[in-house]
Amino acid sequence: NNNNNNNNNNNNSNTGGGLNDREGMKSNWIRKTATPTTSSTATSPISSHAPLDESTSPSPEEQYASRLYGKLRDLVYSSPYVDPSYVLSRLPYGELIEIRALMLERLGHHLEALALYVTDLKDLDLAEAYCDRVYDATVAAQAAAAETLAAMQADAEDKVAREAAAVAAAQLVIATRDNTISRMHEAGQKLEESLRSRIEEVEDLVRTQENLESDLRSTQKELYASQTEKDRIQIALGEAEEAARRWREEAEKGVEALERVEKELEERSEELRVTIETVYKTREELALRTEELRNMTEKLDNTEEALGKSNEHLQDHSKALQSTQSELEGVKSELEVTQSRLQFTQSELESTQSELQSVQSELQSTHSKLQSTLLELQGAQSELQSTYSKLQSTQSELQSIRSELQST
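For the sequence shown, position 262 matches number 262 in full-length UniProt numbering, and the numbering has no gaps at all.
Below, the structure written as structure tokens:
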């Protein structure tokens, strides 16, 4: 046993005292009573030394034995590698009573351990520390300890045992009452905090539900307004497409008439051919301008403004086309008159240069009118193309709005 204790002492000194951090709180009460009690009746080699005289200082051997005994108690109480059942089976009866009580405590036999502290060791400090540990362990062990103390107090043969049992029972009752009150107070505070948090959660849920209901109502209103706006835009688009189709047909007819007039003028005069080439160049420039205008009109985002502007442009285009048609009819009549004059006065034109010059001036004026009419038609065609592109963009926007409404 001494060799094993020396080995344990060396191992504990190498590991910083040999106490497990998780069991440190359990062994604090043992450190307070590191020296064995003088009233112990143990006869083991560790604790069987005679009580020391207070007037003499302990010898180095006694100090070493006391420290070794304290480390032994720490080891058997806190080490997870010590088997309490095995230690109890190896301990002789009536020896190392404090070690036996520690092993009984680890096994959960609190009644037997308390009996050893009160009746065998008759140590009030150890009994009080044991009552504290039993109270902190379980409520069932606490009640059993109280019954055991009462039985020990009733069956005690001497005054010391009765006093020890009475004091231990009183301390156990006081600790039980104080700790029960504190635990009830803590439980009440926790319950109050839990109820307060639950009430706050319920209030948050109610506010969230109200917000969701208001959002749902506003979303329904927006959907209804969007559906009405979509129907109105579809009607306006249908009307605009029909008007654009009619104007496009009229413009194509006007362009065909102009091409016929240009061919006739090419046959009549070389100057008119040069002028027509200039007109084609101007058309190319107008096409470039038309492309630029188309790129600019694609940037319009507001559907209502685009539709309003489209309606205004379409009205202007209809007026321009009507005026262009009237001018074309006038030009056509003038061309017919001029052609009849040319047929009837061809011989006179060969003889009279002056009349030819007058006819040429009339042709030039007619050409200028045709050129202006062609420019107006080109402008109308470009505006129709821009209107068609706007309608296409508006239709794409309506499709996107329809998809958003469907997704919503």
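Where a beta carbon is used, it is the ideal one built from N, C-alpha and C, also for glycine.
Output the boundary residues of the alpha helix (DSSP H) element that contains residue i.
i, result
"L75", "60 to 78"
"P84", "84 to 90"
"E98", "97 to 107"
Apply the 10 Å Cβ neighbour rule to residue i and answer buried if 16 or more other Cβ atoms are within range, or exposed otherwise.
i, result
"I233", "buried"
"G94", "exposed"
"A113", "buried"
"E186", "exposed"
"Y69", "buried"
"T219", "exposed"
"T408", "exposed"
"L102", "buried"
"Y81", "exposed"
"R73", "buried"
"V206", "exposed"
"E98", "buried"
"L223", "exposed"
"L321", "buried"
"T373", "buried"
"V331", "buried"
"S396", "exposed"
"L195", "exposed"
"L288", "exposed"
"residue 427", "As shown, the chain starts at 1 and ends at 408. That puts residue 427 outside it, with no answer to give."
"K71", "buried"
"V261", "buried"
"S403", "exposed"
"L363", "buried"
"L121", "buried"
Within the same chain, show all residues whose beta-carbon is closer than 6 Å to that of residue i, passing over the 5 residues directly before and after it, in chain order.
i, result
"A236", "L307"
"K106", "In the sequence as presented, Lys is not what sits at residue 106; that position holds Arg. The residues are P84."
"Q189", "none"
"E285", "none"
"S79", "none"
Thinking just about the alpha-carbon of each residue, which of the options is nearest to the one in residue i?
i, options, result
"A240", "S365, H313, L91", "H313"
"R133", "K122, Y77, I97", "Y77"
"N311", "R268, E376, E383", "E383"
"W247", "S79, L377, L195, T282", "L377"
"T394", "G238, Q315, E327, L335", "G238"
"Q399", "E229, E203, E327", "E229"
"L375", "K281, S389, E397", "K281"
"E298", "R268, K390, E193, E264", "K390"
"A380", "T119, D120, E252, S361", "E252"
"Q360", "E192, E270, E61", "E270"
"Q343", "M296, R268, S318, K263", "R268"
Excluding sequence positions up to five away, which residues of its chain have a Cβ less than 8 Å from the Cβ of residue i?
i, result
"Q325", "E250, G254"
"S226", "I401, L405"
"L88", "R100, M103, L104, L107"
"E259", "none"
"A257", "L328, K332"
"Q385", "T290, R294"
"A244", "L314, L384, T387, Y388, L391"
"T366", "V331, E334, L335, T338"
"S318", "A243, W247"
Identify, in the order they occur along the chain, each residue of the same chain with its Cβ nearer than 7 Å to the Cβ of residue i, setting aside the five sequence neighbours on each side.
i, result
"V279", "Q371, L374"
"Y117", "A101, D123, L126, A127, Y130"
"R217", "none"
Could you tell me whether any Cβ in chain B is nearer than 8 Å to the Cβ of residue i?
i, result
"S389", "Absent here is chain B; the protein component of the structure consists of one chain."
Inset, instruction - Taking only runs that begin and end inside the UniProt region "Disordered" (306 to 332), name each unbroken alpha helix (DSSP H) of 4 or more residues, in chain order. - result: None, since the UniProt region "Disordered" (306 to 332) contains no complete alpha helix (DSSP H) of that length.
Legend entry - Segments of 4+ residues assigned as alpha helix (DSSP H) that fall wholly inside the stretch 222 to 297: As far as the stretch 222 to 297 is concerned, its whole alpha helix (DSSP H) runs of at least 4 residues are 270 to 297.
Inset, instruction - For the stretch 184 to 221, list the alpha helix (DSSP H) runs that are entirely contained and at least 4 residues long, ordered along the chain. - result: Here no run is fully enclosed.
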